[in-house]
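J.:
Protein chains in written order, with my numbering: chain E, 3 to 117; chain B, 202 to 315.
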């Protein structure tokens, strides 16, 4: 089975520019997570969905970050006006329904550099 | 809310030596506990998981971890490390809050020297 895929793998922006990250979860996985991982730190949850519904977006900086999963499959994370502090790797993960819903499978991430 | 502490930011061991990476968690009940490994420019890969039963769980590539409720710990071990084990290791705790929310430790960077 194909794993979680993300694109692009790398992005370099100037401050103030916008950027979107795309994630395709494992087929059949109903829950999708977005994490931010600053350099030399652990991943920190930004938002997660079950199907198309947002379950928790309390850690998403809502003034500049947005995330959608309109059909309950692919998802897009967007940064409206990037800041240098947004420099990090953005990881997407998905988990299956039912008895293994506590397991998360990660994509390779998108490494963002904001100059 | 759950939390995870990995007290060692960096660990260096010689190839063939044994390894222990420490992890302490905080949660009111017994959560799901995980160890993940991250190789350079890659995502996280699950090494092993624990929820109940035998406190020693086996994972991939010869890794194992031991759960201790009394100590709130979930340390990772390997009997003999290989240079390819050099990577960053994350301990994580997952608990249900409308969905399974995972909290990661800050990670331990392992360097295996020849």
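Virtual Cβ for every residue (Gly too), placed ideally from N, Cα, C.
1. What ranges does the alpha helix (DSSP H) occupy inside the stretch 12–69 of chain E, keeping only unbroken runs of at least 4 residues that lie completely in it?
2. How is residue 223 of chain B classed by DSSP in three states: helix, strand or coil?
3. Identify every residue that forms a DSSP beta bridge with residue 236 of chain B.
4. Looking only at its chain, what residues have a beta carbon closer than 7 Å to the beta carbon of residue 227 of chain B, apart from the 5 residues adjacent to it on each side?
5. Here's the rule: buried if 16 or more other CB atoms are within 10 angstroms of the residue's CB, otherwise exposed. What is residue 295 of chain B?
6. Are there three or more Cβ pairs, one per stretch, closer than 8 Å when the stretch 207–216 of chain B is compared with the stretch 73–83 of chain E?
7. What does residue 259 of chain B touch in chain E if you count any residue whose Cβ is under 7 Å from its own?
8. By alpha-carbon positions, which one of E/33, E/28, E/49 ends up nearest to residue 92 of chain E?
9. Going by DSSP in three states, residue 310 of chain B sits in which element: helix, strand or coil?
10. What are the start and end residues of the beta strand (DSSP E) that includes residue 207 of chain B?
11. Please check the pair residue 308 of chain B and residue 293 of chain B, which I expect to be a contact at CB under 8 Å, by giving their CB distance rounded to whole angstroms.
12. Do the stretch 61–72 of chain E and the stretch 105–112 of chain E meet, that is, are 3 or more Cβ pairs less than 8 Å apart?
13. Tell me the DSSP bridge mates of residue 283 of chain B?
14. Tell me whether residue 102 of chain E sits in a helix, a strand or coil according to DSSP, three-state version.
15. Please return the same chain residues whose Cβ sits closer than 6 Å to the Cβ of residue 302 of chain B, not counting the five positions on each side in sequence.
16. Within 7 Å (strictly less), CB to CB, does residue 74 of chain E reach chain B?
17. Apart from the five residues just before and just after residue 221 of chain B, which ones in its own chain have a Cβ nearer than 6 Å to its Cβ?
18. When you check each C-beta in the stretch 217–245 of chain B against every C-beta of chain E, which residues fall closer than 7 Å?
19. Taking Cβ to Cβ, would you say residue 237 of chain B is nearer than 7 Å to residue 252 of chain B?
20. For residue 259 of chain B, which three-state DSSP category applies?
21. Name, going along the chain, the residues of the stretch 54–71 of chain E whose beta-carbon falls closer than 7 Å to a beta-carbon of chain B.
22. Should residue 99 of chain E be flagged as near chain B, meaning a C-beta pair shorter than 7 Å?
23. Quick one: give me the first and last residue of the beta strand (DSSP E) that residue 79 of chain E is part of.
24. What three-state label does DSSP hand residue 8 of chain E in the structure shown?
T.: In terms of the structure at hand:
1. none
2. coil
3. B/249, B/292
4. 203, 204, 273
5. Flag for residue 295 of chain B reads buried.
6. no
7. Within chain E, no C-beta atom comes less than 7 Å from the C-beta of residue 259 of chain B; the nearest is roughly 16 Å away.
8. E/49
9. It is a strand residue.
10. Segment: none, residue 207 of chain B is in no beta strand (DSSP E) and carries neither H nor E.
11. So it is not a contact: roughly 10 Å between Cβ atoms.
12. no
13. Residue 283 of chain B pairs with nothing; no bridge assigned.
14. helix
15. No residues qualify anywhere along the chain.
16. no
17. Same-chain partners within the cutoff: 276, 278.
18. 233, 243, 244, 245
19. no
20. strand
21. 57, 58
22. no
23. 77–81
24. strand
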